[in-house]
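Residue numbers (the working numbering): 1 to 317.
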């Protein structure tokens, strides 16, 4: 019998499902999460987040949602698990909206943890989405941007808190301020070619938007080339929606080919790291490869030349 939305009612079935999800979170999600990171980062995920979840339903449901998505990567045909994930996903979003609406009276650590879990789950769920016809992953991009906008200023966060650990560990990325330098212009400059017909208006805002997005993608690529471990690469991926200009997300929503090519380059860089395995994304048809293939298939022919590099990066050029 499919796992049904039990609402406020308890049941043996629901208790068993939640025990199953908690066990999987501790053993298979949180334990390898941040494998090369400081002990405080690891403890944040396998100890503090579950503790906060006991008193904050937005964190509890977000944690169960992400865990179920991870488990579905192993058990894709488990209908009961899939229905549970759908239930917890709805509940997590409802509880988080309520907490953000009443932010003055909410636990800011809980709101922040829930936001990040929701963003990571939206990223993990890309492996399940239908790519025909192709549309950019707008839900992930919007949720991912929103996750970081709810974080308080770093100076207002107590030393030694889990939220402080989270901010300090990700600081090297969000404080990097990457520049579209000569090397990036050489590698990615073809994307900005004005010889390819497009609807882009080359004013200062458009140029800055594309260069800022490409500089982040290029910096992420360098981090991988410099040997940064996969768990650190995952932070680069999660922060992409927040670090690129909102205008870039708008260009994607409008279906601008140039923006779609830039997105394909981002996924091609992801294909060079095992970072998404921490979210349960494994196998030959990974999220990165699927997205690059789908973008290439829907672009007009005049853009196929600049798609040669991402296709090579996923081993299909």
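For each residue, glycine too, the CB sits at the ideal point set by N, CA and C.
- Residue state for residue 242 is assigned as helix, using DSSP reduced to three classes.
- Classified as buried, residue 310 has 16 or more neighbouring CB atoms from the shown chains inside 10 Å of its CB.
- CA-to-CA, the gap between residue 180 and residue 13 works out to about 53 Å.
- The DSSP-derived three-state label of residue 200 is coil.
- If the five residues before and after residue 150 are omitted, its C-beta is found closer than 7 Å to the C-beta atoms of 100, 111, 112, 115, all from its own chain and listed in chain order.
- Each residue's CA atom was taken as its position, placing residue 269 and residue 10 some 45 Å apart.
- Look at the beta carbons and you see the segment 271–279 touching the segment 223–233: at least three pairs across the two are nearer than 8 Å.
- In the structure shown, residue 157 adopts coil according to DSSP, grouped into three states.
- DSSP places residue 102 outside both helix and strand once states are collapsed to three, so it counts as coil.
- Counting the other CB atoms within 10 Å of its CB gives residue 109 a total of 16 or more, which places it among the buried residues.
- Here residue 268 carries a helix assignment [DSSP, helix/strand/coil].
- The C-beta of residue 75 has fewer than 16 other C-beta atoms within 10 Å across all chains shown, which makes the residue exposed.
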